[in-house]
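Below: the structure, in structure tokens.
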Amino acid sequence: MNIDEAGEGVAALEPVAGLGTAEGMDRLLALATRQMDDATGSEDVLRVAVGWSIGVVPGCEMAGVTLRRRRGRLESVASSEPAVESCDQLQYELDEGPCLDAITDSPVIEATDVATDTRWPRWGPQVAAQHGVAGMLSVRLFSSERVHGALNLYSRTTDAFDHDSIDIARLLATHVSVALRSALSDEQLRLAVDSRNVIGQAQGILMERFSLDAARAFAVLSRLSQDRNIRLLDIAMHVVTERSLPDTAG
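Going by the working numbering, the first residue of the sequence shown is number 12, and it counts up by one from there.
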């Protein structure tokens, strides 16, 4: 994916006077922020961010995002092309690479030549040989509450990312982090409301079928969840969809 797919297109960059100036970059980042604010959901936010990364960060030819999910699980999201996801996935499998270090060690990790970088002796030579990757820049995405992941920028040229690239990537990552935090909060709120609704529906079904009050119906769901080591929401979903309690045998 390129910036055309992320929002208003590469043409949106042309009217911005003084693109190489601080004022011009501020205007671009303001436009990127508006597009991320208008995005529908966290993954859409990240697709916009990836498009802008390729469009405004000097040296960036490919981009993607690593998100840290529950229990530390890492997932590649919004990759601009399959090579990005492959390079990221190899980092997870080998437990080494720039995006892992950006998440756990330093907020900004730059690699001028991954093939010869001794920090990642297995990952670097493999992605250089398999995908032609030469340079990489990973910037942590985080809020005051948590580390969300990293913005991963790739180049097929050595020494691709200079000081301007790093500064712009830092600024962009800050805007991405804010938009991502807001989107994730909205999604968690919607999930919580949906969960309560499903549990309430399951309670109603049990109340009607077994002549229970609300408290006893919830107790039945809760006891099944504990006894079977299944999430309460999953138990409730079964009751709603199957109109019956899960099989308690075994």
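C-beta atoms are modelled at their ideal positions from N, C-alpha and C, and glycine is treated no differently.
In this text, all values refer to a predicted model and were calculated from it rather than measured experimentally.
Does the beta carbon of residue i sit closer than 8 Å to a beta carbon anywhere in chain E?
{"i": "residue 196", "result": "Absent here is chain E; the protein component of the structure consists of one chain."}
Who are the near neighbours of residue i in its chain, counting only those whose CB is closer than 6 Å to its CB and skipping five residues on each side?
{"i": "residue 43", "result": "63"}
{"i": "residue 47", "result": "56, 59 and 190"}
{"i": "residue 128", "result": "122 and 135"}
{"i": "residue 74", "result": "61, 64, 65, 91 and 164"}
{"i": "residue 105", "result": "133 and 134"}
{"i": "residue 109", "result": "120, 122, 147 and 149"}
Which residues in the same chain have their Cβ closer than 8 Å to the Cβ of residue i, if we skip the five residues on either side of it in sequence?
{"i": "residue 156", "result": "192"}
{"i": "residue 54", "result": "88 and 89"}
{"i": "residue 173", "result": "69 and 70"}
Please report the Cβ distance between residue i and residue j, rounded to the nearest whole angstrom; I am assuming they are in contact, meaning their Cβ atoms lie under 8 Å.
{"i": "residue 61", "j": "residue 91", "result": "5 Å"}
{"i": "residue 223", "j": "residue 217", "result": "6 Å"}
{"i": "residue 125", "j": "residue 135", "result": "4 Å"}
{"i": "residue 171", "j": "residue 150", "result": "Not really, about 15 Å apart at Cβ, beyond 8 Å."}
{"i": "residue 229", "j": "residue 214", "result": "6 Å"}
{"i": "residue 243", "j": "residue 256", "result": "Actually they are not in contact, since the Cβ atoms of residue 243 and residue 256 sit about 13 Å apart, beyond 8 Å."}
{"i": "residue 180", "j": "residue 148", "result": "6 Å"}
{"i": "residue 50", "j": "residue 194", "result": "7 Å"}
Spatial neighbours of residue i within its chain, please: CB distance less than 7 Å, with the 5 preceding and 5 following residues excluded, ordered by chain position.
{"i": "residue 175", "result": "69"}
{"i": "residue 160", "result": "76, 77, 78, 79, 114 and 152"}
{"i": "residue 141", "result": "none"}
{"i": "residue 154", "result": "188 and 192"}
{"i": "residue 100", "result": "87"}
{"i": "residue 139", "result": "125, 126 and 145"}
{"i": "residue 94", "result": "73 and 142"}
{"i": "residue 169", "result": "123, 124, 145 and 146"}
{"i": "residue 102", "result": "108, 110, 111 and 134"}
{"i": "residue 137", "result": "101"}
{"i": "residue 158", "result": "79, 114 and 151"}
List the residues that DSSP assigns as beta-bridge partners of residue i.
{"i": "residue 161", "result": "77 and 151"}
{"i": "residue 122", "result": "147"}
{"i": "residue 87", "result": "77"}
{"i": "residue 3", "result": "An answer regarding residue 3 cannot be provided, because it is not within the stretch 12 to 261 covered by the chain."}
When burial is assigned at 16 or more other CB atoms within 10 Å of the CB, is residue i buried or exposed?
{"i": "residue 250", "result": "buried"}
{"i": "residue 122", "result": "buried"}
{"i": "residue 143", "result": "exposed"}
{"i": "residue 52", "result": "exposed"}
{"i": "residue 261", "result": "The pLDDT assigned to residue 261 is 37, lower than 50, so where the model puts this residue is not dependable; a value taken from the coordinates is nonetheless given after this. Flag for residue 261 reads exposed."}
{"i": "residue 199", "result": "exposed"}
{"i": "residue 240", "result": "exposed"}
{"i": "residue 196", "result": "exposed"}
{"i": "residue 83", "result": "exposed"}
One question on the structure: do residue i and residue j come within less than 8 Å of each other, judged by their Cβ atoms?
{"i": "residue 209", "j": "residue 247", "result": "yes"}
{"i": "residue 166", "j": "residue 71", "result": "yes"}
{"i": "residue 162", "j": "residue 40", "result": "no"}
{"i": "residue 131", "j": "residue 96", "result": "no"}
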